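Participant:
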Amino acid sequence: MKTIKTYVVALISALLVLSPVAYADKWSDQFPHIKATGDIPGECSYDAMSKKNYKGKTLKINTHAVPVMGEPTALHAEQFAKLTGAKVDVTHTPAGDLYAKAMVPFQAGQAPYDIVFGFSNFINDWKRYLEPVPKKYVEMKQMQDVTPSHIGIASWDGVMYQFPVDGDRHYLKYRKDVIDNPEYQKKYKADTGKELRVPQTWKEYGEMAAYFNGWDWDGDGEKEYGSAEVMKKDDLMYAAFYSRSAAYSKNPKTPGGFFFDLKTMKPLINNPGFVEALTDWVAATKYVPPGGINFGLGDEIGSFGGGQTLFSFSWDDAFVAAMQPDSPINNKVGAAQLPGAMKVWNRSTNSWDQGFNQAPFFVWGWAVGVAKKSKEKEMAFDYLCFFANEANHQADIGIGRFGVNPFRNDDFKADVWTQIGWDKDIAQSYVDTLAQMEDSKNRVFPLRVPGTFEFNAALATAAAKALAGQLSPQAALDEAAKQWEDILNRVGKDNVRAAYSVGVAMEDNKL
Amino acid sequence: MNFKHKYVFLFPGLFVLIGILIFPIIFTIRLSLSGWNSYTPEMNFIGITNYIRLFTDDPRFWESFFRLSFLSVTTVILQYIIGFALALIVWREIKFKRFFRVIFLIPMMTTPVIMTVIWRTFFHESLGPVNDLLGNLGVEPILWLSDPVIAKFTVIIVEVWQWTPFMFLLLLAGLLSLPKEPFLAAAIDGASPFRKFVYVTFPLMAPISIGAIIIRLIEASKIMDTVFVLTSGGPGTATETSSFYIYIKGLREFQMGYAATLSFTYLVIMIISLTIIAKVLTKLMIKE
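Residue numbers (the numbering used here), protein chains in the order written: chain S, 1 to 511; chain H, 512 to 799.
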């Protein structure tokens with residue numbers, strides 16, 4: 001009798017334990033996108049959404065072009081429509097037009113879209129037109145797992161305006177099969193007298209990239225090159241420049257601003273630190289693939305992800321693309337923090353501080369908000385919550401072209417990545433890189449001030465002129481600094497200072 | 512008979528004219544006197560501040576304007592020469608005349624943006640077929656889109672390919688409408704083909720040529736899609752044109768007031784310069 005009781009208890013326990021899995025299978029049968037995990041219980045899970053009824057209602061979304069962010073938006077819209085009965089209209093817009101596509105109706109007091117996708121650094125210009133994320137979503141379990149950095153990026157003065165769907169930072173990607181190859185290490189040492197290793201500084205990066213430029217080092221019959229970088233003006237190149245500048249210009253001894261001196265609001269972008277970075281970058285035009293000076297983000301992903309270059313640095317997408325099973329360099333890549341520098345500019349002493357310095361750049365990422373004038377706010381937030389639920393998120397981050405990158409503590413566990421076929425050591429190096437960046441106390445956050453677009457465009461134009469040989473690095477950055485002064489005068493120094501102080505507080509670890 | 516009611520019939524046209532031409536121009540002028548941007552989204556009045564900024568502190572606009580002048584004049588001259596040559600070829604009695612007439616028109620029938628994407632793929636320095644073919648012939652990769660000088664000529668190639676058919680069509684129509692008598696007289700006088708062209712065909716074609724050149728100059732001065740897709744104005748600002756620059760200021764940086772200033776100034780400059788060009792061409796090409 002006792003044995004039967006034991007069996008019954010064991011059976012009931014097993015059923016209780018397995019029931020979520022069985023439940024999950026029910027949803028993954030209908031929605032193969034989540035077949036790896038099934039539905040994961042939560043406030044915005046597939047199961048929870050199936051209990052909502054939005055029949056007869058229409059949700060209008062403006063998002064990026066397919067595939068980056070546009071594809072997951074459309075996919076989750078289709079799933080959301082099936083689950084809730086809502087009609088979801090998705091409009092796809094090129095990256096350069098996302099800002100204006102939302103701003104024009106915002107300023108006209110209209111809401112043609114309930115949900116607008118953009119970049120996280122739009123927050124200052126957009127926040128007055130966006131509905132703050134309601135408390136019930138902010139306090140949800142899935143939101144509690146978002147890292148403090150990304151909560152900070154999605155919020156302004158403690159109010160969350162953007163629903164976290166993506167996490168972004170720039171880091172180094174390298175070909176592990178070359179850097180860790182003993183034969184190449186010996187050859188490099190013999191030829192240059194230096195160690196072949198994961199580059200610690202931008203100078204090392206440049207030396208290695210130049211050495212491995214223009215010859216077939218992976219034996220595929222094609223020439224390979226040193227580095228793939230986002231150098232195309234108006235295609236996010238300013239972010240690449242900030243990444244290269246951080247090590248030379250973000251001095252932990254001089255808090256109070258990376259882009260401006262917060263006290264005086266003097267632009268810092270033409271100081272010797274930035275000039276050194278731009279000088280390095282101009283040299284980089286010699287070790288990028290032919291036409292690399294015109295590479296946008298898509299080209300960079302295709303070039304490094306396709307095995308054309310030794311190094312790359314930017315968002316996660318190129319790394320994830322390289323690690324997909326169909327990639328020619330699957331499991332042949334490594335991740336590391338952005339290279340540092342052996343000196344960093346000190347604006348207080350007006351001289352270089354010697355010694356190693358490294359500064360991760362938490363570049364802007366995809367962001368999304370709900371229009372204040374939307375008549376379907378509840379449905380809109382439910383959609384965003386569903387978009388970012390655990391099951392969708394885990395499936396999305398493994399697909400390079402989706403542009404959905406880690407921003408939750410759970411994403412920084414190697415198991416998440418080994419489950420989708422990554423080698424254990426690569427997965428570990430990847431999550432370690434991300435975690436080290438989160439832990440760093442010398443971080444740079446994106447510029448989020450009124451007129452962000454004007455500041456970044458002025459800088460990008462100047463940097464592009466230097467890359468094209470139209471101006472020297474110093475002259476180009478002097479031109480940009482002069483334009484930044486003009487923009488400051490137009491926008492108002494105090495307006496910019498008030499907004500910039502929020503980012504500086506994050507950089508100075510006060511938020 | 513009272514004809515006053517005839518004015519009633521003019522109203523629909525007048526309304527359309529006001530709606531699509533007069534109102535936008537007046538609105539643009541008013542907008543150009545405001546500081547409307549992303550952080551001050553209002554039609555405030557700032558006088559001629561934007562105009563002062565344009566004329567004293569914006570060399571990039573003027574650089575883009577002179578670049579545009581170079582690109583549009585060069586492309587239109589090339590289109591005229593090639594278009595005229597092609598029109599002369601199929602004007603004659605040659606085999607498969609109709610076939611060639613259709614073939615020559617194909618580039619114009621394609622969608623410019625899509626064709627520019629294809630051209631961009633062709634000219635891609637490391638992945639495109641053009642450099643690959645040249646590589647097979649032992650030629651080093653040409654920086655079609657990354658060299659500030661070559662990139663301008665790449666834009667010209669694409670523009671000429673796309674719009675020469677338009678010139679060809681206008682000029683062929685002109686050739687087909689020419690009277691036969693002057694050619695008969697020239698033939699009786701024993702004029703060579705070259706002399707016939709110089710003294711008969713070309714002068715007779717002058718009015719049509721001027722019309723075609725002006726139409727194409729107006730179109731070419733708005734070069735935007737080719738630059739946007741092919742080079743994004745780069746490398747640096749090497750291929751940035753006025754319309755692309757105005758687009759950047761207005762719809763990328765959201766400086767609506769300043770973009771309106773640029774647009775209106777550009778409109779005035781274009782009206783003046785095209786009027787002068789038309790007068791000069793008339794004087795040069797049409798002999799009394």
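Note that CB positions come from ideal geometry on N, CA and C, so glycine has one too.
Just so you know, these numbers come straight off a predicted model, no measurement behind them.
(1) Looking at S:A464: is its Cβ nearer than 9 Å to the Cβ of H:P704?
(2) Go through its chain and collect everything with a Cβ distance to S:N495's Cβ below 6 Å, but skip five positions before and after it.
(3) Just list the alpha helix (DSSP H) runs in the segment 408-461 of chain S, keeping only unbroken ones of 4 residues or longer that don't cross its boundaries, in chain order.
(4) If the criterion is Cβ atoms closer than 9 Å, does the pair S:A100 and S:V90 meet it?
(5) Tell me, which residues are paired with S:A371 by DSSP?
(6) Does DSSP put H:Y777 in a helix, a strand or coil?
(7) Mind listing which residues of the segment 253-265 of chain S have their C-beta closer than 9 Å to chain H's C-betas, in chain order?
(8) Please list the segments of the alpha helix (DSSP H) lying wholly inside the segment 600-628 of chain H, counting only runs of 4 or more residues, in order along the chain.
(9) Report buried or exposed for S:V21, applying the criterion of at least 16 other Cβ atoms within 10 angstroms of its Cβ.
(10) Mind pulling the chain S residues with CB within less than 9 Å of H:S774?
(11) Output, in chain order, the set of chain S residues within a Cβ distance shorter than 8 Å of H:N642.
(12) Which word fits S:E376, buried or exposed, when buried means at least 16 other C-beta atoms lie within 10 angstroms of its C-beta?
(13) Nearest to H:E670 by alpha carbon, out of H:M735, H:I653, H:R609, H:N642?
(14) Along the segment 726-748 of chain H, where does the CB come closer than 8 Å to a CB of chain S? Name the residues.
(15) List, in order along the chain, the chain H residues whose C-beta lies closer than 9 Å to that of S:L236?
(16) Once you ignore the five residues that flank S:W202 on each side, which residues in its own chain have a CB closer than 7 Å to its CB?
(17) Could you please tell me which residues of the segment 441-454 of chain S, in chain order, have their CB closer than 8 Å to any CB of chain H?
(18) Mind pulling the chain H residues with CB within less than 9 Å of S:I426?
(19) With 9 Å as the threshold, decide whether the Cβ of H:D568 is near any Cβ in chain S.
(20) Hey, out of H:L582, H:K517, H:S545, H:I531, whose CA is closest to H:E730's CA?
(21) Have a look at H:M796, H:A771, H:Y756 and flag the residue whose alpha-carbon is nearest the alpha-carbon of H:E574.
(22) For the beta strand (DSSP E) containing S:H64, name the first residue and the last one.
(23) Quick check: the Cα distance between S:E479 and H:F610, rounded to an integer number of angstroms?
(24) Along chain A, in chain order, which residues have C-beta atoms closer than 7 Å to that of S:I293?
(25) To the nearest angstrom, how far is the alpha carbon of S:Y23 from that of S:E43?
(26) I'd like the list of long-range same chain contacts for H:I654, defined as Cβ closer than 7 Å, with 5 residues on each side in sequence excluded.
(27) For H:E651, is the classification buried or exposed, using 16 other Cβ atoms within 10 angstroms of its Cβ as the cut-off for buried?
(28) Just to check my reading of the structure: S:F311 and S:G226 have Cβ atoms closer than 8 Å, yes? What is that Cβ distance to the nearest angstrom?
(29) What residues match up with S:E224 in a beta bridge as DSSP calls it?
(30) Determine the DSSP secondary structure at H:L682, reduced to helix, strand or coil.
(31) DSSP state of S:T93, grouped into three classes?
(32) Measuring CB atoms only, is the segment 281-300 of chain S touching the segment 387-402 of chain S, in the sense that at least three cross pairs come out at less than 8 Å?
(33) Helix, strand or coil, according to DSSP, for S:V146 in the structure here?
(34) Could you name each continuous beta strand (DSSP E) segment of 3 residues or more that falls completely within the segment 714-767 of chain H, going from the start of the chain to the end?
(35) Taking H:D658 as the reference, which of S:L488, S:K141, S:Q470, S:V502 has the closest Cα?
(36) Is the shortest distance between the beta-carbon of S:N213 and the beta-carbons of chain H less than 9 Å?
Facilitator: This is what the structure gives:
(1) no
(2) P450
(3) Whole alpha helix (DSSP H) segments, 4+ residues: 414-418, 424-439.
(4) no
(5) S:L130
(6) DSSP, read as helix, strand or coil, puts H:Y777 in helix.
(7) none
(8) 608-620
(9) A caution first: S:V21 carries a pLDDT of 46, below 50, which makes its placement in the model unreliable, though a value can still be read off. The residue is exposed, with fewer than 16 neighbouring Cβ atoms inside 10 Å.
(10) The premise fails here: H:S774 is roughly 15 Å from chain S at the closest Cβ pair, so nothing lies under 9 Å.
(11) In chain order: P290.
(12) It is buried - the Cβ of S:E376 has at least 16 other Cβ atoms within 10 Å.
(13) H:M735
(14) Under the 8 Å Cβ criterion, the segment 726-748 of chain H contributes T742, S743, G744, G745, P746, G747, T748.
(15) Correct list: empty, because the minimum Cβ distance to chain H is about 12 Å.
(16) R244, A247, D280, P339, A341
(17) P450, G451, F453, E454
(18) Chain H residues near S:I426: none, gap ~27 Å exceeds 9 Å.
(19) Chain S, which has a Cβ nearer than 9 Å to the Cβ of H:D568, makes this yes.
(20) H:L582
(21) That would be H:Y756, whose Cα lies nearest to the Cα of H:E574.
(22) Note, S:H64: beta strand (DSSP E), 58-64.
(23) Between S:E479 and H:F610, the alpha-carbon positions lie close to 55 Å from each other.
(24) Of the protein chains in the structure, S and H, none is chain A.
(25) Note that S:Y23 scores a pLDDT of 48, beneath 50, so its modelled location is shaky; the value from the coordinates is reported in the next line. Taking the straight line from one Cα to the other gives about 15 Å.
(26) Here the sequence assigns Leu to residue 654 of chain H, which means Ile is not the residue at that position. Excluding sequence neighbours, H:L654 sits near E636, I661.
(27) Exposed is the call here.
(28) Approximately 7 Å separates the beta-carbon atoms of S:F311 and S:G226; this is inside 8 Å, confirming the contact.
(29) S:W215
(30) helix
(31) strand
(32) Because the criterion of three Cβ pairs below 8 Å is not met, the segment 281-300 of chain S and the segment 387-402 of chain S do not touch.
(33) The DSSP-derived three-state label of S:V146 is strand.
(34) none
(35) S:Q470
(36) No - not a single Cβ of chain H is within 9 Å of the one on S:N213.
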